[in-house]
Amino acid sequence: MTRPLSRRRLLTVAAGTAALAALPVRPASAATEEELAYANFAVSSELLLADLYAKALAAKVVIGPGQAALRAGRRAAIQHAGALSGLLTGAGQDAPAAEDFDFQWPAKAFHTPDATAATARVVLRALLGAYQTAVVTVSEPSYGIVYTSLAASAGQQLGALSALGASGVVEPFPVALDLESASDTLEPYLG
């Protein structure tokens with residue numbers, strides 16, 4: 012759910028953006044293979060998440076504040092995929108695109124708010140776990156900041172799912188996942 016843009020919020024966002032811009036960044040072309048693997052996984056997974064939110068909105072089973080949460084989640088996923096695609100293209104790699112996938116969803120994934128939330132939780136927990144591991148794995152500090160922000164966003168999206176009326180479990184220490192485990196979790200959905 013988004014709040015109106017106040018002067019204070021605008022200044023806070025501007026200050027945060029300026030702080031990130033001031034960080035020394037190693038050229039993307041110098042990204043390690045592992046950093047590129049995390050970026051490829053992240054772009055693919057964020058595209059998957061954007062598709063999930065689009066399908067959930069199209070199903071029209073979520074009403075009220077839940078719809079706003081789905082729209083905000085979709086916008087975030089699209090922005091995340093775009094930012095991570097820039098890292099890949101800056102390294103001379105082709106970034107995954109939504110057209111590269113035939114996303115597959117369980118037959119009843121979008122039949123009820125609870126089913127929608129349960130499906131989204133699977134995707135978001137895999138993303139959160141991979142992002143937690145990426146934070147401590149990448150060697151470029153600016154990439155670590157990006158993955159920290161992505162992990163925070165995934166956590167916010169998991170919290171927003173409670174607006175769908177689904178029973179959500181608050182995990183005091185969400186499990187970090189290695190890239191292979193996170194990929195295995197999402198592979199059935201990627202088609």
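Mind the numbering: the sequence shown is residues 12 to 202 in my numbering, read in order. Don't be surprised by glycine CBs; every beta carbon is placed ideally from N, CA and C.
#1: Can you name the start and end residues of the alpha helix (DSSP H) that Gln104 belongs to?
#2: In the structure shown, what three-state DSSP assignment does Pro76 receive?
#3: Could you tell me how far apart the beta carbons of Gln168 and Gly75 are, in whole angstroms, since I believe they sit closer than 8 Å?
#4: Could you tell me the alpha carbon to alpha carbon distance between Phe114 and Tyr200, rounded to whole angstroms?
#5: In terms of residue numbering, what span does the alpha helix (DSSP H) encompassing Phe114 cover?
#6: Can the beta-carbon of Leu161 be found less than 8 Å from the beta-carbon of Tyr142?
#7: Find out if the Cβ-Cβ distance for the pair Val146, Gly140 is shorter than 8 Å.
#8: Return the chain-ordered ranges of every alpha helix (DSSP H) run that is complete within the segment 117 to 202 and spans a minimum of 4 residues.
#9: Pick helix, strand or coil for Lys66, following the three-state DSSP scheme.
Judging by the given coordinates:
#1: No alpha helix (DSSP H) contains Gln104, which DSSP labels as neither H nor E.
#2: helix
#3: With a Cβ gap of about 17 Å, Gln168 and Gly75 do not count as contacting.
#4: 5 Å
#5: Here Phe114 belongs to no alpha helix (DSSP H), and DSSP marks it neither H nor E.
#6: yes
#7: no
#8: 124 to 148, 152 to 171 and 190 to 201
#9: helix
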